[in-house]
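Novice: Okay, so the sequence shown: first residue is 2 according to our numbering, each after it adds one. No residue lacks a Cβ here, since even glycine has one placed at the ideal position from N, Cα and C. Computed from a predicted model, the values in this text were never measured in an experiment. This structure is in structure tokens; I'll ask about it shortly.
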Amino acid sequence: MLFESYLNYDIEAALFLTLLWGTSAVLVARRPHHRSDRRGRRRATFMLVLVALGWLLVAGRLATTALMGSYGYLFVADRVAVALPLVVLPALAVLVLAVPRWRAHRRNPSAETRLATFAPQAVVPFQATALGALTGFVTAIMVTMGPPQLVPILTVYVSFLAILVGLWLWQQYRYRVAANGGPVRRSRPVRALRAVAVVAVVGLVLVGGLSWAANETVLPGRMNMTDHAHGGVSAAGAHGHSAGRTVSVADLTGPRSETPDRRFTLVAEATKLRLASGREVDAWLFNGQSPGPELRVKRGELIEVTVHNKVPDTNVSVHWHGVDVPNAEDGVAGVTQDAIKPGGTHVYRFRPDEVGTHWYHSHQQSSVQVKKGLFGPLIIEPEQSDLAPGTQDLIVSTHTWYSDELPLEPPAIGTVDQLDRRRMAPGTPVRLRLINTDGSTHRYSLTGTPFRVVAIDGNPINQPTDVSGEQVVIGGGGRYDLEFTMPAQPVRLTELRRYGSELRVVDGGLLLSADGTGDVQPDKPTEAFDPTTYGSAMPTPFGRDSTFTKTHSLVFDNELWFYDGRFTVVWASNGMAFPKAPSLTVREGDLVKVRFANRSHFDHPMHLHGHHVLVLSRNGKPATGSPLWLDTVNVEVGEIWEVAFKADNPGLWMDHCHNLDHAAAGMMSHVVYEGVTTPYEVGHDTPNELE
Numbered sequence: 002m003l004f005e006s007y008l009n010y011d012i013e014a015a016l017f018l019t020l021l022w023g024t025s026a027v028l029v030a031r032r033p034h035h036r037s038d039r040r041g042r043r044r045a046t047f048m049l050v051l052v053a054l055g056w057l058l059v060a061g062r063l064a065t066t067a068l069m070g071s072y073g074y075l076f077v078a079d080r081v082a083v084a085l086p087l088v089v090l091p092a093l094a095v096l097v098l099a100v101p102r103w104r105a106h107r108r109n110p111s112a113e114t115r116l117a118t119f120a121p122q123a124v125v126p127f128q129a130t131a132l133g134a135l136t137g138f139v140t141a142i143m144v145t146m147g148p149p150q151l152v153p154i155l156t157v158y159v160s161f162l163a164i165l166v167g168l169w170l171w172q173q174y175r176y177r178v179a180a181n182g183g184p185v186r187r188s189r190p191v192r193a194l195r196a197v198a199v200v201a202v203v204g205l206v207l208v209g210g211l212s213w214a215a216n217e218t219v220l221p222g223r224m225n226m227t228d229h230a231h232g233g234v235s236a237a238g239a240h241g242h243s244a245g246r247t248v249s250v251a252d253l254t255g256p257r258s259e260t261p262d263r264r265f266t267l268v269a270e271a272t273k274l275r276l277a278s279g280r281e282v283d284a285w286l287f288n289g290q291s292p293g294p295e296l297r298v299k300r301g302e303l304i305e306v307t308v309h310n311k312v313p314d315t316n317v318s319v320h321w322h323g324v325d326v327p328n329a330e331d332g333v334a335g336v337t338q339d340a341i342k343p344g345g346t347h348v349y350r351f352r353p354d355e356v357g358t359h360w361y362h363s364h365q366q367s368s369v370q371v372k373k374g375l376f377g378p379l380i381i382e383p384e385q386s387d388l389a390p391g392t393q394d395l396i397v398s399t400h401t402w403y404s405d406e407l408p409l410e411p412p413a414i415g416t417v418d419q420l421d422r423r424r425m426a427p428g429t430p431v432r433l434r435l436i437n438t439d440g441s442t443h444r445y446s447l448t449g450t451p452f453r454v455v456a457i458d459g460n461p462i463n464q465p466t467d468v469s470g471e472q473v474v475i476g477g478g479g480r481y482d483l484e485f486t487m488p489a490q491p492v493r494l495t496e497l498r499r500y501g502s503e504l505r506v507v508d509g510g511l512l513l514s515a516d517g518t519g520d521v522q523p524d525k526p527t528e529a530f531d532p533t534t535y536g537s538a539m540p541t542p543f544g545r546d547s548t549f550t551k552t553h554s555l556v557f558d559n560e561l562w563f564y565d566g567r568f569t570v571v572w573a574s575n576g577m578a579f580p581k582a583p584s585l586t587v588r589e590g591d592l593v594k595v596r597f598a599n600r601s602h603f604d605h606p607m608h609l610h611g612h613h614v615l616v617l618s619r620n621g622k623p624a625t626g627s628p629l630w631l632d633t634v635n636v637e638v639g640e641i642w643e644v645a646f647k648a649d650n651p652g653l654w655m656d657h658c659h660n661l662d663h664a665a666a667g668m669m670s671h672v673v674y675e676g677v678t679t680p681y682e683v684g685h686d687t688p689n690e691l692e
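Now the structure itself:
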């Protein structure tokens with residue numbers, strides 16, 4: 002949370018820098034008139050005070066940059082390369098060139114000393130500092146630059162210098178005119194007409210520029226995802242022309258000729274859903290229930306899921322979150338299949354090689370469809386059960402429902418939007434499978450008993466130990482399995498929310514007791530459970546000391562700009578939003594290291610389809626506990642995570658933030674295997690909608 006405070010202070014400093022130096026630039030550019038010594042001295046004093054205040058703000062921005070930089074250079078790379086030099090250097094020029102002239106005018110407020118403050122050497126440094134401050138502010142909130150890239154940096158500097166040359170020449174002309182007695186003063190109507198003309202021209206340029214910027218972000222009606230491959234090979238390589246072999250996503254299917262071990266049917270339909278509180282919401286559900294039907298299977302079984310779409314005027318698909326299925330079974334509309342139209346059917350077949358708590362959800366316009374309820378649990382058990390005899394295996398899917406586009410509080414467990422009371426006999430082994438089906442981070446407190454974290458994202462933890470007095474933090478799409486033995490007293494699972502430095506208890510949650518009654522005051526632990534140091538280490542196929550054939554860094558920002566023609570909050574990776582965001586092209590067999598750095602205002606649960614990543618480090622500290630294999634890496638504000646994966650599942654894979662609103666506003670890209678093509682397209686002119 003400290004990083005977010007530093008980030009806010011930095012943006013505020015950039016704003017005040019722009020306002021103060023902009024005001025100074027306007028004042029120094031006024032035509033010189035010497036009226037009296039007293040007024041001249043007072044004006045000079047005022048300008049010197051503005052310079053002092055301006056330098057205090059410069060120092061403030063240097064301080065906020067240093068504080069942010071203590072989290073890692075990636076968090077301030079753009080400030081160090083662009084924002085600070087464009088303020089500090091011109092502000093130094095103000096001290097060297099302009100301040101001596103204003104001091105001289107203060108000591109001897111004559112017409113000659115006043116004219117000297119109108120020379121280009123005295124005026125343009127103020128204007129340059131104001132322009133640099135404005136550039137720093139814009140790049141902080143509107144057009145972020147991270148990590149800095151040579152072409153954008155050169156563009157900013159060349160534009161900055163070109164404007165300065167123009168300002169210098171214009172001020173030189175104005176100075177000569179003033180030194181020669183100044184132009185004839187125009188009549189008031191003429192001055193008014195000229196002012197209106199200037200405002201009109203500036204307005205037209207501004208409106209025209211913004212219209213052009215908005216049109217530049219309008220997404221194509223049709224896009225093929227292999228057209229956006231980056232990361233070390235050309236787009237031709239991504240299409241397979243240089244790889245020597247091509248394969249279509251449509252051919253990367255699960256077994257088609259074998260007899261399935263398990264068959265399931267999911268029917269997507271629109272319905273009214275009544276919550277336990279009596280509130281009704283317009284929902285889209287699988288088989289009329291929330292969550293959708295529990296799909297419980299064994300590892301290695303061949304699964305067949307037939308999906309029927311009965312939602313009017315809406316296409317759907319189904320993605321198997323956290324399961325490394327063959328690419329054609331991944332369920333991403335426009336990438337691995339065409340979305341299922343109303344009245345249509347699609348059959349998925351795959352043989353899971355992992356175990357644990359997973360879930361399924363729509364991946365067609367998922368920022369809307371998951372919110373409306375198209376999701377359900379997928380539990381993959383090992384061949385021999387890992388549960389103690391008599392274990393009560395509880396799935397806890399927390400979900401925020403919406404009415405009239407507004408979130409309903411508290412989040413519900415299934416359809417229970419109150420305190421969910423359940424009977425649990427003392428001495429019973431309990432497993433809670435926590436699934437965060439929302440986009441925002443959920444923080445949980447388990448009060449009344451110690452517990453063990455036995456799995457994260459479905460992957461078992463080696464030698465888990467008792468945990469107490471710590472909150473469990475789960476990013477959007479993530480899962481944690483908790484185990485404990487039911488004590489004699491009640492046990493309560495509660496969600497916590499951060500409001501600044503304060504933790505508050507969210508109404509609702511889950512209460513277990515012998516007779517389903519009673520209560521317990523929820524704990525509010527401030528310390529968060531650290532999965533990177535929990536459990537015991539064991540061998541892994543690769544690690545921090547491995548030789549990686551490819552590395553990839555992603556720096557996350559939020560910016561106010563246009564996306565698909567609308568002015569909105571854009572979620573950017575390396576300063577770019579989809580489809581310009583950097584995708585990664587790999588070859589089968591590559592060992593890939595990825596670094597995530599989050600310098601935005603929200604957490605980003607990054608989800609790579611088709612692969613599990615091994616956590617190498619968090620905030621520069623190596624992972625030392627049980628090997629942490631994740632499919633959803635929750636990168637909190639101010640954090641840096643390093644992860645790695647083996648490119649062993651050919652295809653075209655989504656890689657996106659699982660706060661699905663963020664993905665819908667630009668924070669998504671792809672991992673593209675060389676030689677893989679797709680016949681599917683996404684866009685407004687196709688049946689496949691973006692996130």
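Would you kindly check if the distance between the Cβ of G478 and the Cβ of T633 is under 8 angstroms?
Specialist: yes
Novice: So, with DSSP's three-state summary, where would you put A648?
Specialist: Reduced to three states, the DSSP call for A648 is coil.
Novice: Using the Cα positions of L511 and A82, report the straight-line distance between them to the nearest angstrom.
Specialist: One C-alpha to the other measures close to 50 angstroms.
Novice: Exposed or buried, R600, counting other C-beta atoms within 10 Å across all chains shown (16 or more means buried)?
Specialist: buried
Novice: Measuring only the C-alpha atoms, how far is V616 from I164?
Specialist: 47 angstroms
Novice: Helix, strand or coil, according to DSSP, for S441 in the structure here?
Specialist: coil
Novice: Would you say the segment 29-49 touches the segment 167-184, given that touching needs at least three Cβ pairs under 8 angstroms?
Specialist: Output reads yes: the segment 167-184 touches the segment 29-49.
Novice: Kindly indicate the opening and closing residues of the alpha helix (DSSP H) around T156.
Specialist: 151-180
Novice: Suppose you measure from the CA of S554 to the CA of E637; what does that come to, to the nearest Å?
Specialist: 16 angstroms
Novice: Leaving out five residues before and five after R300 in sequence, what residues of the same chain have Cβ atoms less than 8 angstroms from its Cβ?
Specialist: Taken in chain order, the residues that qualify are P353, D354, E355, V356, I381, E382, P383, E384.
Novice: Does DSSP classify G377 as helix, strand or coil?
Specialist: strand
Novice: Is the beta carbon of A645 less than 8 angstroms from the beta carbon of F543?
Specialist: yes
Novice: Using the C-alpha atoms, what's the distance from A271 back to V348?
Specialist: 21 angstroms
Novice: By the DSSP assignment, the alpha helix (DSSP H) with D41 in it spans what residues?
Specialist: Per the sequence shown, residue 41 should be read as Gly rather than Asp. Under the DSSP assignment, G41 falls in the alpha helix (DSSP H) whose first and last residues are 38-70.
Novice: Looking only at its chain, what residues have a beta carbon closer than 6 angstroms to the beta carbon of I436, apart from the 5 residues adjacent to it on each side?
Specialist: W360, S398, R480
Novice: Output the distance between the C-alpha atoms of G428 and L447, rounded to the nearest integer angstrom.
Specialist: 17 angstroms
Novice: Would you identify the three-state DSSP class for W654, choosing helix, strand or coil?
Specialist: strand
Novice: For H106, name the three-state secondary structure that DSSP assigns.
Specialist: Residue state, collapsed to three classes: helix.
Novice: Anyone know if the C-beta pair for M69 and L8 falls short of 8 angstroms?
Specialist: yes
Novice: Per the contact definition of three or more C-beta pairs closer than 8 angstroms, is the segment 189-209 in contact with the segment 138-150?
Specialist: Taking 8 angstroms as the limit for Cβ pairs, the verdict is that the segment 189-209 does not touch the segment 138-150.
Novice: Helix, strand or coil: which one does DSSP assign to A141?
Specialist: Look at A141 here: in three-state DSSP terms it is helix.
Novice: Given a cut-off of 8 angstroms on the beta-carbon distance, is the pair K342 and W285 in contact?
Specialist: no
Novice: Would you identify the three-state DSSP class for R275, choosing helix, strand or coil?
Specialist: strand
Novice: Spatial neighbours of F485 within its chain, please: C-beta separation below 6 angstroms, excluding the five flanking residues on both sides.
Specialist: V431, T450, F452
Novice: Which one of D516, V454, E682, S363 has the shortest CA to CA distance from P378?
Specialist: S363
Novice: Based on the DSSP output, what are the partners of M669 in its beta bridges?
Specialist: In DSSP, M669 forms a bridge with H657.
Novice: Kindly indicate which three-state DSSP category L93 falls into: helix, strand or coil?
Specialist: The answer is helix: DSSP assigns L93 an H, G or I state.
Novice: What three-state label does DSSP hand Q370 in the structure shown?
Specialist: helix
Novice: Give the range of the beta strand (DSSP E) segment to which L409 is assigned.
Specialist: Looking at the DSSP string, L409 is not in any beta strand (DSSP E), and its letter there is neither H nor E.
Novice: My output table needs one value for L303: the three-state DSSP class, helix, strand or coil.
Specialist: coil
Novice: Assuming P91 and P126 make a contact with CB atoms under 8 angstroms, what is their CB distance in whole Å?
Specialist: That belief holds up - the Cβ atoms of P91 and P126 are roughly 6 angstroms apart, short of 8 angstroms.
Novice: L494 and L433 - do their beta-carbons sit closer together than 8 angstroms?
Specialist: yes
Novice: Mind checking who T486 pairs with in its DSSP beta bridge?
Specialist: Answer is P430, bridged to T486.
Novice: Tell me where the beta strand (DSSP E) around R498 begins and ends.
Specialist: 492-500
Novice: By the 10 Å Cβ neighbour count, where 16 or more other Cβ atoms means buried, how is T678 classified, buried or exposed?
Specialist: buried
Novice: Would R115 be called buried (16 or more neighbouring beta carbons within 10 Å of its own) or exposed?
Specialist: buried
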